[in-house]
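See structure below.
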Amino acid sequence: MNLGVFAIASLFLLAVLGWYLSFSAGRLDRLHNRVETSWAALDAALQRRAGVALELASSGLLDPASGALLAAAAHEARESHNNRAQAESDLSSNLQLLFPTHADLEALIHDGHGEDLVGEVDDAISRVRLALSFHSDAVTSTKQVRDKLVVRLFRLAGRAEVPVEFPAILDIVRQ
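Numbering (this note's numbering), first residue to last: 459 to 633.
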């Protein structure tokens, strides 16, 4: 009789352990999907920001030197594949240099001309900040779960790569 109780208790514990491992693996999978989704949103926001910056550079609202500087940085950010983080960082630096405050951006509006474009630039910058925040949160959450002993011990992450943040523009965009 004691052997039967022990067998039932052992089966129960194995079932609970199996459920916990399955739950943890599912959670980790959802977190990895969240990282991929947040990266796609960040990528789209960065592409939109580069496009809007190119449009602003060619709009005639900026002086020629600032327009050329912004156009070069935006073009590089849009076309760069090898060192994209650096190109995005350069674009962020140029935008921060040209428009340290929201008022500096709004100062481009002359007699109602440029209002839509300035609004798009402001919106694009805000969307990058938001997308970067979501992506950073997703990466942090995923890394925290991956660092748990049970995840490492039972290799619940499988062959999924450890997610990484988009580091080069973090400090600039979060200002």
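Beta carbons: idealized from backbone N, C-alpha and C, even for Gly.
This structure is a prediction, so every number in the text was calculated from the model and none was measured.
Taking the alpha helix (DSSP H) that residue i falls in, what are its first and last residues?
i	result
Arg613	Looking at the DSSP string, Arg613 is not in any alpha helix (DSSP H), and its letter there is neither H nor E.
Asn540	First-last for Asn540: undefined, no H or E at that position.
Gly462	Asn460 to Ala515
On a CA-only basis, which of the options is nearest residue i? Give me that one, please.
i	options	result
Gly509	Leu575, Ser496 and Val463	Leu575
Lys601	Ser591, Ile466, His593 and Pro621	Pro621
Leu528	His593, Asn541 and Leu514	Leu514
His539	Ala511, Gln505 and Ala473	Gln505
Arg617	Ala530, His490 and Asn541	His490
Gln554	Glu537, Ala502 and Asp580	Asp580
Asn552	Gly525, Ala596, Glu494 and Ser599	Gly525
Val586	His568, Ala503 and Phe592	Ala503
Phe592	Asn541, His568, Glu537 and Asp501	Asp501
Phe578	Asp521, Ser599 and Leu512	The sequence as given places Glu at residue 578; Phe does not occur at that position. The candidate whose alpha carbon is nearest that of Glu578 is Leu512.
Ser584	Val493, Thr559 and Ser599	Thr559
Short check: CB of residue i to CB of residue j, under 8 Å?
i	j	result
Ser482	Val608	yes
Phe624	Ala543	yes
Leu563	Phe557	yes
Arg507	Ala582	yes
Gly572	Leu611	no
Ala535	Glu546	yes
Ala615	Arg604	yes
Ala596	Ser496	yes
Item to check | Ranges of the beta strand (DSSP E) found wholly within the region 560-600, counting only runs of at least 3 | outcome: With a minimum length of 3 residues, no continuous beta strand (DSSP E) run stays inside the region 560-600.
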